[in-house]
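A.B. asks:
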Amino acid sequence: MNRRTFAISALSALGASRVMGANDRIRVGLIGSGGRGRQDWSQFVKQSDVDPMAVCDVYDPFREQGIEMTGGRAKPYKDFRKLLEQKDLDAVIVATPDHWHAYITIAACQAGKDVYCEKPLSLFVTEGRKMVDAARKNNRVVQTGSQQRSGSHYAEAVKLIQDGGIGEVHRIHAGFQRNLYPGLKPTELASGLTSALDWDMWLGPAPKRDFDPFRCIYNFRWFWDYSGGQMTNWGAHHLDIARWIANADGPSEVSGFGGRYSLTDGGETPDLQQVTYRFPKMLITWTSSEVAEGKPVTLDIYGTKGMMTLLRNGYTVTPEKIGSKSDAKAAMPAMNVKGGELDQTHARNFLDCVKSRKRPNADIEDGHRSAIMCHLGNISTKLGRSLKWDCAKEQIVGDAEASKLLTRPYRAPWRLA
Ligand SMILES: NC(=O)c1ccc[n+]([C@@H]2O[C@H](COP(=O)([O-])OP(=O)(O)OC[C@H]3O[C@@H](n4cnc5c(N)ncnc54)[C@H](O)[C@@H]3O)[C@@H](O)[C@H]2O)c1
65 MNRRTFAISA LSALGASRVM GANDRIRVGL IGSGGRGRQD WSQFVKQSDV
115 DPMAVCDVYD PFREQGIEMT GGRAKPYKDF RKLLEQKDLD AVIVATPDHW
165 HAYITIAACQ AGKDVYCEKP LSLFVTEGRK MVDAARKNNR VVQTGSQQRS
215 GSHYAEAVKL IQDGGIGEVH RIHAGFQRNL YPGLKPTELA SGLTSALDWD
265 MWLGPAPKRD FDPFRCIYNF RWFWDYSGGQ MTNWGAHHLD IARWIANADG
315 PSEVSGFGGR YSLTDGGETP DLQQVTYRFP KMLITWTSSE VAEGKPVTLD
365 IYGTKGMMTL LRNGYTVTPE KIGSKSDAKA AMPAMNVKGG ELDQTHARNF
415 LDCVKSRKRP NADIEDGHRS AIMCHLGNIS TKLGRSLKWD CAKEQIVGDA
465 EASKLLTRPY RAPWRLA
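According to the working numbering, the residues represented by the sequence shown are 65 to 481, in order.
The following block contains the structure:
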């Protein structure tokens with residue numbers, strides 16, 4: 065290995081896995097014990113067949129909170145490479161910011177660990193395909209943290225729609241709208257960098273930058289170097305369900321527009337964005353707004369017989385009226401179905417698959433394909449023009465400038481194999 069780079073293959077010799085029975089205990093580590101990492105951890109820690117073994121974070125207070133949640137049992141780490149060397153770990157949760165997901169997931173697969181990796185699966189399209197390849201090559205179970213995929217009412221609604229229950233569907237609208245005007249503030253380290261955070265290890269493969277508390281904990285979402293704004297934050301959830309309903313690998317064409325027009329907090333990603341995806345006989349649209357909530361639309365599926373609104377707390381169907389005005393009749397009965405628990409079911413599905421070796425509900429391939437929709441939406445928005453997408457080859461057609469944005473070199477010494 066080149067001494068100046070830390071290539072992932074350095075960890076591959078550690079790969080080890082055991083065959084598990086239904087009564088075996090699963091030894092889990094957490095990498096990234098921030099807001100979401102601790103939510104995930106709380107689900108795993110309470111499972112009767114989980115031993116929470118290790119917590120890694122580059123920010124001391126959050127690492128300590130993750131350890132506390134295990135009654136002090138878990139071993140602390142500042143460097144995830146050391147955690148992955150721990151031979152008695154079966155699985156890891158990756159809940160770092162998005163710019164670390166690919167590297168850590170691939171390294172974990174090569175070290176023989178199954179992975180629960182938070183959404184959005186990747187920061188760049190090319191990373192996602194390498195992640196899928198690493199999971200398959202190393203025979204790893206990898207669940208994307210898209211918990212809606214484990215909601216029984218989501219599965220029920222998708223089946224209802226695919227069975228023609230709301231008629232022909234040619235249009236799905238997904239969105240996330242709220243009012244944050246005039247912007248957000250740093251949530252941690254607001255008065256500056258201290259020894260509590262290893263900033264260089266937080267940046268990792270992302271470009272070098274002076275510390276800025278607003279770029280860091282939670283608010284990394286609004287900077288292109290680490291994430292993709294609401295397009296990848298909430299888009300990864302709702303467009304994943306839209307793509308599931310469409311029963312398609314991906315769009316053939318994408319057009320996006322928007323910008324950061326009103327927020328003055330220093331973030332980069334759009335505060336208003338509108339994207340249209342062309343699928344065979346279907347248009348899927350995405351709207352996000354950070355400066356006017358209006359109706360906080362989430363996921364509306366328009367059928368010829370009824371319109372379904374599919375949310376985390378359940379779904380409703382509003383019947384279409386068919387016929388001339390005087391004798392128009394409801395094309396189907398109205399529906400109102402309550403949703404169930406998502407986070408625990410999703411964690412449990414992962415753990416069951418760690419034992420059975422089956423593909424989980426939000427298998428890495430689906431996480432990758434849904435992340436692609438978000439990334440293409442952002443690339444089109446950045447360039448302000450439509451893109452043609454070759455879904456099978458995972459290439460943008462006839463646009464060299466746009467194609468360059470499907471990837472980004474890592475900052476040395478980090479390197480994706
Ligand atoms: N599934 C969901 O509903 C959901 C909800 C919220 C967030 N998320 C996802 O979870 C991820 C984390 O988001 P968050 O809100 O928890 O952010 P956060 O900033 O609160 O937490 C991220 C943590 O990762 C740590 N970290 C950074 N680099 C690290 C490294 N090299 N090694 C170890 N730890 C490192 C940070 O110090 C921080 O504690 C994001 O990808 C986000 O999209 C998913």
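For each residue, glycine too, the CB sits at the ideal point set by N, CA and C.
#1: I need the DSSP call for A80, collapsed to helix, strand or coil.
#2: Let me check one thing: in DSSP terms, what residues is C120 bridge-paired to?
#3: Taking G367 and V196 to be in contact with their CB atoms under 8 Å, please state how far apart those CB atoms are, rounded to whole angstroms.
#4: Rounded to the nearest angstrom, how far is the Cβ of R435 from that of L147, given a contact under 8 Å?
#5: Give me the Cβ distance between V109 and I90, rounded to the nearest whole Å; I'm assuming they're in contact under 8 Å.
#6: Closest by CA to T160, which one among Y180, G176, L153 and A464?
#7: Taking the Cβ atom as the reference point for each residue, do I157 and I236 lie within a distance shorter than 8 Å?
#8: Considering only C-alpha positions, which residue in the set I305, C417, R421 and A411 is nearest to M372?
#9: So, do the stretch 234-253 and the stretch 377-391 have three or more beta carbon pairs nearer to each other than 8 Å?
#10: Output the boundary residues of the alpha helix (DSSP H) element that contains I348.
#11: What number of angstroms, rounded off, separates the C-alpha of K177 from the C-alpha of Y325?
#12: Return yes when the Cβ of A155 is within less than 8 Å of the Cβ of V83, no when it is not.
#13: From what residue to what residue does the alpha helix (DSSP H) around L224 run?
#14: Out of curiosity, what's the CA-to-CA distance linking P473 and H163?
#15: Going by the beta-carbon positions, is the gap between R549 and N425 smaller than 8 Å?
#16: Which one of D407, G387 and R449 has the shortest CA to CA distance from D104?
#17: DSSP state of S434, grouped into three classes?
#18: Return yes when the Cβ of S106 is within less than 8 Å of the Cβ of A130, no when it is not.
#19: Please go through the same chain and pick out, in chain order, the residues whose beta-carbon is closer than 8 Å to the beta-carbon of T328, but skip the five residues on each side of it.
#20: Buried or exposed: T296, going by 16 or more other Cβ atoms within 10 Å of its Cβ?
#21: Between which two residues does the beta strand (DSSP E) holding E317 run?
#22: Please determine whether the Cβ atom of N87 lies at a distance below 7 Å from any heavy atom of ligand 1.
#23: Write down the C-beta distance between F240 and T333 rounded to the nearest angstrom, noting that I regard them as a contact closer than 8 Å.
#24: So, using beta-carbon positions, are V339 and S444 closer together than 8 Å?
#25: Counting along the chain, where does the beta strand (DSSP E) carrying F414 start and finish?
#26: Please return the same chain residues whose Cβ sits closer than 6 Å to the Cβ of M399, not counting the five positions on each side in sequence.
#27: DSSP three-state call for N442: helix, strand or coil?
#28: Under 7 Å: does the beta carbon of M133 sit that close to some heavy atom of ligand 1?
#29: Spatial neighbours of W286 within its chain, please: CB distance less than 7 Å, with the 5 preceding and 5 following residues excluded, ordered by chain position.
#30: Kindly list the residues whose CB is nearer than 7 Å to the CB of T208, restricted to its own chain and excluding five residues on each side of it in sequence; keep chain order.
#31: Starting from the Cα of A172, find the closest Cα among I95, P116 and G320 and give me that residue.
#32: Where does P383 fall in DSSP's three states?
#33: Suppose the cutoff is 8 Å on Cβ atoms and the five residues either side in sequence are ignored; what does the same chain contact list for K419 look like?
#34: So what's A199 in DSSP terms, helix, strand or just coil?
C.D. replies: Looking at the atomic coordinates:
#1: Bear in mind that a pLDDT of 47 at A80, under 50, signals an unreliable position, so the number given afterwards is only what the model happens to contain. Three-state result, A80: coil.
#2: Answer is I95 and Y141.
#3: No, G367 and V196 are not in contact; Cβ-Cβ is about 32 Å, not under 8 Å.
#4: In the sequence as presented, Arg is not what sits at residue 435; that position holds Ala. With 8 Å as the limit, A435 and L147 do not qualify as a contact, their Cβ atoms being about 24 Å apart.
#5: Contact flag wrong, Cβ pair sits at about 12 Å.
#6: Closest by alpha carbon: Y180.
#7: no
#8: Comparing Cα positions, the closest option is I305.
#9: Counting Cβ pairs under 8 Å, fewer than three are found: no touch.
#10: Looking at the DSSP string, I348 is not in any alpha helix (DSSP H); the run it does join, the beta strand (DSSP E), is M346 to S353.
#11: 43 Å
#12: It is not a contact, given that the beta carbons lie outside the stated cut-off.
#13: S216 to Q226
#14: Distance between P473 and H163, taken at the CA atoms: about 12 Å.
#15: Because the chain spans 65 through 481 in this model, residue 549 falls outside it and cannot be assessed.
#16: D407
#17: helix
#18: The displayed chain sequence assigns Gly, not Ala, to residue 130. Cβ atoms of G130 and S106: not closer than 8 Å.
#19: Correct list, in chain order: P246 and G247.
#20: buried
#21: DSSP places E317 in the uninterrupted beta strand (DSSP E) bounded by E317 to G323.
#22: Distances from the CB of N87 to the heavy atoms of ligand 1 are all 7 Å or more.
#23: With a contact defined as Cβ atoms closer than 8 Å, F240 and T333 miss out at about 13 Å.
#24: yes
#25: Premise fails: F414 lies in the alpha helix (DSSP H), D407 to S420, not in any beta strand (DSSP E).
#26: Here the set comprises V381.
#27: helix
#28: no
#29: G293, G331, E332 and T333
#30: The beta carbon of T208 sits closer than 7 Å to the beta carbons of C181, K183, L185, A426, I428, D430 and G431 from its chain, once the five residues preceding and following it are set aside; these are given in chain order.
#31: When only C-alpha atoms are compared, the closest one is I95.
#32: strand
#33: M84, G85, A86, D88 and I90
#34: helix
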